[in-house]
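Asks:
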Amino acid sequence: MQPRFCEMLLAEVENFEKWVHETKFKIMRPSTMNKYGVVLDDFGMKTILEKLMESKVFFPEVGGSNLDSHHGFVLEYGIDRDADLGFHVDDSEVSSNVGMGKQFSGGELFFRGVRCDKHVNTETQPEEIFDYSHVPGRAVLHRGRHRHGARATTSGNRINLLLWCRSSVFRESRKYQKDFSSWCAECQRKKKERQRQSVAAIKMDLLRREGQTAT
């Protein structure tokens, strides 16, 4: 996103927050994990968010090719705001996280592997560890089931635009599946282990039969 767009969007968010404060209007915050931030659909951003969701070429294995709804919001972090964000997965199929500025330090994202519901609390493998420092205007696109969190913002104010994209088709199909090895890393690991054990058992059986034939 271009700097001018980020500036205009942040100005709209500040105006909305000012109006909420002056009128003492009660609004719903973006999620149960955040006390600060606004839902963008609440003040006329629905159309532009739908445009952002139109790209359907990423993560087709988790519904990325048939996204049909979204939840878009801005979150604010800082010393006088929410400082960090705990380890979690998103209520989405595909998530976009755009660093909007302002001046801040800290607040790095950390990712720890993609998981289905059954394996969401399983151990992180070394190759799944990935940390990312925000760049203003640049989006991080990831599966909603990619476990992640944000470290504490240690100075200044960090503002992020989040877009949770959802697929009703994928959510319905997921109800009838038990194996998610096409995208869950732990399902993949367990499947490979079963295959390895099966191959090892076949080899042992062949060796046993060869030994019987030789005697």
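Just so we're aligned, residue 1 is where the sequence shown starts under full-length UniProt numbering, counting upward by one. Using N, Cα and C, we set each Cβ at its ideal position, and we do this for glycine too. Here the structure is a predicted model, which means the values were calculated and not measured.
Can you tell me the Cα-Cα spacing of Phe25 and Asn15, whole angstroms?
Replies: 13 Å
Asks: Among Gln212, Tyr176, Leu207, Trp164, which residue has its Cα nearest to the Cα of Leu52?
Replies: Nearest C-alpha to Leu52 among Gln212, Tyr176, Leu207, Trp164: Trp164.
Asks: How should Gly86 be labelled, buried or exposed, when 16 other C-beta atoms within 10 angstroms of its C-beta is the threshold for buried?
Replies: exposed
Asks: Provide the residue span of the alpha helix (DSSP H) that contains Ser173, from first to last.
Replies: 168-174
Asks: Taking Gly101 and Pro60 to be in contact with their CB atoms under 8 Å, please state how far apart those CB atoms are, rounded to whole angstroms.
Replies: The Cβ separation is near 32 Å, so there is no contact.
Asks: With DSSP run on the structure shown, which of helix, strand or coil describes residue 227?
Replies: It is not possible to answer for residue 227, since the shown part of the chain is limited to 1 through 215.
Asks: So Leu162 and Gly72 are supposed to be a Cβ contact under 8 Å. How far apart are they, rounded?
Replies: 7 Å
Asks: Under 8 Å by Cβ, that's how I've got Tyr77 and Gly99 pegged, so tell me the actual separation to the nearest angstrom.
Replies: In fact, because the Cβ distance is near 11 Å, the residues do not count as touching under 8 Å.
Asks: Return the chain-ordered list of same chain residues with a C-beta closer than 6 Å to the C-beta of Ser133, the five sequence neighbours on each side being excluded.
Replies: Glu108
Asks: Within a Cβ cutoff of 6 Å, which residues of the same chain sit near Lys191, ignoring the five residues on either side of it in sequence?
Replies: Ser181
Asks: Taking Lys175 as the reference, give the member of Cys187, Gln125, Cys116 with the closest Cα.
Replies: In terms of CA proximity to Lys175, Cys116 leads the group Cys187, Gln125, Cys116.
Asks: Per the contact definition of three or more C-beta pairs closer than 8 Å, is the segment 136-151 in contact with the segment 91-98?
Replies: yes
Asks: Which of helix, strand or coil does DSSP assign to Cys187?
Replies: helix
Asks: What's the C-alpha gap between Ala185 and Val74?
Replies: Spanning the two alpha carbons is a distance of roughly 30 Å.
Asks: Just to check my reading of the structure: Ser105 and Gly156 have Cβ atoms closer than 8 Å, yes? What is that Cβ distance to the nearest angstrom?
Replies: Contact holds; Cβ gap of about 6 Å.
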